[in-house]
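When the letters of the sequence shown are read in order and numbered with our numbering, they come out as residues 195 to 716. Glycine included, each C-beta is placed from N, C-alpha and C at the ideal position. Notes follow once the structure below has been shown.
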Amino acid sequence: MPNTGKPSPNCHLCRQRRVKCQRCIKYGVLCPGYRDDQDLLFQHTDAAAYERRRRKCQQQNLPLSATDTLEVITFTSVSSPSSASSWESDNSAFRSVGTPPLPLLRPVRQHWTAESVPLVIGLYSGLDFLPGLFRGVGQDHCLRLAAHVFTRAYVINRFRPQTDYRELSMFLGNALASVQNAIMSPSTCTSDSTIIALMMGGLERRSFVTSQDRGYAPETPWHIHGSGILSLMRARGDRQLYTKAGRQIFWTMHNMIVSRHDRHANIHYANRNQQIQHTITNTPCPPEFDHWLNVIEQTLQPAEALFLHTGRYISSACSLLSRLIPIVRNVDLKRACAEYDQLLFECDLAELVMSEWMRTSPEYQVDPGPVHTYFWDSWRSARIKLHHMIILLANLVEHVPDCAFDCGALQSRRRLSAEIIAVSGRDIVDGIPPSLGGKSPASDPRSPATYLEAVRLVWPLSHVYVIPTAPRHLRIAAKAALLRIGKENGILSALRPRAGGALFPSEALKGMPVDDLGDGDS
Numbered sequence: 195m196p197n198t199g200k201p202s203p204n205c206h207l208c209r210q211r212r213v214k215c216q217r218c219i220k221y222g223v224l225c226p227g228y229r230d231d232q233d234l235l236f237q238h239t240d241a242a243a244y245e246r247r248r249r250k251c252q253q254q255n256l257p258l259s260a261t262d263t264l265e266v267i268t269f270t271s272v273s274s275p276s277s278a279s280s281w282e283s284d285n286s287a288f289r290s291v292g293t294p295p296l297p298l299l300r301p302v303r304q305h306w307t308a309e310s311v312p313l314v315i316g317l318y319s320g321l322d323f324l325p326g327l328f329r330g331v332g333q334d335h336c337l338r339l340a341a342h343v344f345t346r347a348y349v350i351n352r353f354r355p356q357t358d359y360r361e362l363s364m365f366l367g368n369a370l371a372s373v374q375n376a377i378m379s380p381s382t383c384t385s386d387s388t389i390i391a392l393m394m395g396g397l398e399r400r401s402f403v404t405s406q407d408r409g410y411a412p413e414t415p416w417h418i419h420g421s422g423i424l425s426l427m428r429a430r431g432d433r434q435l436y437t438k439a440g441r442q443i444f445w446t447m448h449n450m451i452v453s454r455h456d457r458h459a460n461i462h463y464a465n466r467n468q469q470i471q472h473t474i475t476n477t478p479c480p481p482e483f484d485h486w487l488n489v490i491e492q493t494l495q496p497a498e499a500l501f502l503h504t505g506r507y508i509s510s511a512c513s514l515l516s517r518l519i520p521i522v523r524n525v526d527l528k529r530a531c532a533e534y535d536q537l538l539f540e541c542d543l544a545e546l547v548m549s550e551w552m553r554t555s556p557e558y559q560v561d562p563g564p565v566h567t568y569f570w571d572s573w574r575s576a577r578i579k580l581h582h583m584i585i586l587l588a589n590l591v592e593h594v595p596d597c598a599f600d601c602g603a604l605q606s607r608r609r610l611s612a613e614i615i616a617v618s619g620r621d622i623v624d625g626i627p628p629s630l631g632g633k634s635p636a637s638d639p640r641s642p643a644t645y646l647e648a649v650r651l652v653w654p655l656s657h658v659y660v661i662p663t664a665p666r667h668l669r670i671a672a673k674a675a676l677l678r679i680g681k682e683n684g685i686l687s688a689l690r691p692r693a694g695g696a697l698f699p700s701e702a703l704k705g706m707p708v709d710d711l712g713d714g715d716s
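Here it is as C-alpha cells:
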C-alpha cells in the first residue's frame, strides 16, 4: 500500500502510517505499521550507555505543578467473593478525588549485562562476600566481565535462545584479556576478585558445549585451568586463611582442585575417549593442602568442621587412588601383594578418623543448606571410588600363585567395601530433587539455584552410575537423573559418562557383573 502520510482505513496492521517513512523499503522488510516512538529509537547496546540515556531523560522531564494533587482511591466493602473479581468494572467500588491519574510509564528495556551480576550473586548466595566484591570494582574489571560471560553461558545452556555469537565472542575475548592482565599484574594477582574471576571463567568454559557457544574461542582443558587456580592459591599463601572472605574462597577452590585430582584418578570410568591422557595424571593432592588444613584446624570456625574432615578424607583417597590404579591396571601382582596390607591400613585409618568425628560431633547431622550437601556428596563419591578399587585389588591379590592371604579375609574385605559403596550410593541417590525424578525436598525448578544444584549433582551421580560395584537399581536411578540434567537443564557434561569396566584386566573383574546398562550400544 503506498505511503500517503495519512491514516488509511485499508491498513490491516494499524490503520496508520508514519509520514514519509521509508525504513521498510530501505531494509526490504514488511512494514509493521505504526509503532510507539520509543520502539523507533536506536537502543544502546551496553548498560553504561543506557544508564546515561536514562538520567538524561529524567532531567528533561518537567516537574509536577504545585497545584496538582495526588489521586486518592478509596475502596468500599465487598459483599461477595464474585464481586471482588469485577471491582474494576463496578463504579460504586471506588471513587477518585483530585486530578486524573498520571499516564503510565513507558516500558523499560535494558541490556542483558545489567542482570549478570545479580544472577551470579543469586547463584552463589552462600558466598556472602560477593556483593561487596562487585561493589568495589568498575564496569571494565575482570570480575564483572567474567560475570557477564558466566551469565551468558547459563542463559545459553538453560534456555538455548537465539544468540549473537559475535557479541558473545567480544565479551569472552575481553574477559580473557582482562583476567590475564590481572594475573600478570603483581598488585592484583593475589586479590579476591582475580581468583573469583578465574573460577567463573573455568565454570563458563565447562558450561559452553560447542565451539560456537564458546564464541569461537579455543577450549582450555580443565586440568590446565585448575593448575592456574592452584598457582594463585600458592601466591596468596597462608594469609588467605585469616579473613572470612579468604577462607570461603579457599574452601571453594579447594573443593574444585581436590575434585579435579579425584577425577583424574578415576576419569577413565567416565570417558573412554580420554583414557590415556587422564590415566597418566593419577596424582595425589598438592602437598600445600595438608599445611593449609592444619592452619585452618588451629583457627577452626564452627561451620568448617565438615569441610575440614571431608577435605582430609578426600586428600587421603586421592593419595591411595594414585597408588591403587597403576597396580590394578598393570596387573602388578608382586606390588599388589607387597602393598596390600599397607593400602588397607591407610584406607581403614581414613574411614576410622571420619567415623570417629561423626560419632563424637553431633553437629555434623545438621544440614543448613546445599553447600553442606555438596561436601557430603563429594565425600561419598570419594568413598565409592576408593572402595571400588579396594575390591579390584583384593580380586587381583587372590590370583597370585600361592597367595599368602586368607581367601575368607579377602572375601570379607570385598563384602565390606561393597556395603560401603551401596550405602554411599543410596545417600547420593536420595539427594536427587523431584525435578530430576528424586525424592529430596522440592525446590523451584525454574530458579537459578536449582540449576546450580543440578551442576553439583553431576559428579556424584556419575560415579554411582559408572562404577559396576554399585547396586544396579542405584545405577539406573543415577543414569536417569543424569539424562534429565543433560536434556532438561542443558548441562551436556552429564551425558558424557559411560558405564562398564572394559579398562581393567579380567583378573581384577573376576566375580563382578560388568553391566554397561545399555551404553555399549550407544
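Rounded to the nearest whole angstrom, the C-alpha separation of His503 and Met548 is 7 Å.
Taking Ala391 as the centre and dropping the five residues before and after it, the same chain places the C-beta of Cys336, Leu337, Ala340, Val373 closer than 6 Å to its C-beta, in chain order. The Cβ-Cβ distance between Ile615 and Ile670 does not fall below 9 Å. The alpha-carbon of Lys704 is positioned some 45 Å away from that of Tyr318.
Approximately 12 Å separates the beta-carbon atoms of Arg529 and Ile519; this is outside 8 Å, ruling out the contact.
Exclusion of the five residues before and after Ala511 leaves Ala576, Leu580 as the residues of its chain whose Cβ lies within less than 6 Å of its Cβ. Non-local C-beta neighbours of Met394 in its own chain, meaning closer than 6 Å and more than five positions away in sequence, comprise Ala340, Phe344, ordered along the chain. Annotation: Pro380 is outside any alpha helix (DSSP H) and is labelled neither H nor E by DSSP. Excluding five sequence positions before and after Val565, the CB atoms of its chain that fall closer than 7 Å to its own CB belong to Gly320, given in chain order. The beta carbon of Tyr659 sits closer than 7 Å to the beta carbons of Arg669, Ala672, Lys673, Leu676, Pro691, Ala693 from its chain, once the five residues preceding and following it are set aside; these are given in chain order. Residue environment: Asp386 is assigned as buried (16 or more neighbouring CB atoms within 10 Å of its CB, all protein chains considered). Distance between Val331 and Gly431, taken at the CA atoms: about 23 Å. Under the three-state reduction of DSSP, Arg609 is assigned to helix.
Rounded to the nearest whole angstrom, the CA to CA distance from Asn449 to Gly602 is 38 Å. Within the same chain, and ignoring the five residues on either side of Val525 in sequence, the residues whose Cβ sits closer than 8 Å to its Cβ are Leu590, Pro699, Glu701, Ala702. Rounded to whole angstroms, Asp596 and Glu491 show a C-alpha spacing of 46 Å. Secondary structure note for Lys528: its alpha helix (DSSP H) is the uninterrupted segment 527–554. The three-state secondary structure of Val331, taken from DSSP, is coil.
The three-state reading of DSSP puts Gly320 in coil, since its state is none of H, G, I, E or B. In this structure, Leu655 lies near Ile679, with their beta-carbon atoms less than 9 Å apart.
Look at Pro691 here: in three-state DSSP terms it is coil, with no helix or strand label. Collapsing the DSSP output to three states places Ala308 in a helix.
Taking C-beta atoms under 8 Å as the contact rule, Cys383 and Ala429 qualify, at a distance of about 6 Å.
In the structure shown, the three-state DSSP call for Val223 is coil. By a beta-carbon distance limit of 8 Å, Pro478 does not contact Ser421. Their separation comes to about 15 Å. About 14 Å separates the beta carbon of Gly505 from that of Asp571, a gap too long to meet the 8 Å contact definition. Sequence-distant Cβ neighbours of Asp621 in its own chain, meaning closer than 7 Å and more than five residues away, are Arg574. Counting the other CB atoms within 10 Å of its CB gives Pro325 a total below 16, which places it among the exposed residues. Contact annotation, Ile585 with Thr493: C-beta distance approximately 39 Å; criterion of less than 8 Å not satisfied. Closest option to Val489, judged by alpha-carbon separation, among Leu327, Lys220, Arg441: Arg441. For Val594, no alpha helix (DSSP H) encloses it, and the DSSP letter there is neither H nor E. DSSP places Ala598 in the coil class of the three-state scheme, outside both helix and strand. Judged by their CB atoms, Ser516 and Asp484 are not nearer to each other than the 9 Å cut-off. For Gly680, the enclosing alpha helix (DSSP H) starts and ends at 666–682. Taking C-beta atoms as the reference points, Leu610 and Tyr534 fail to come closer than 9 Å. Cβ-Cβ separation between Ala369 and His342: approximately 7 Å, consistent with a contact (criterion under 8 Å).
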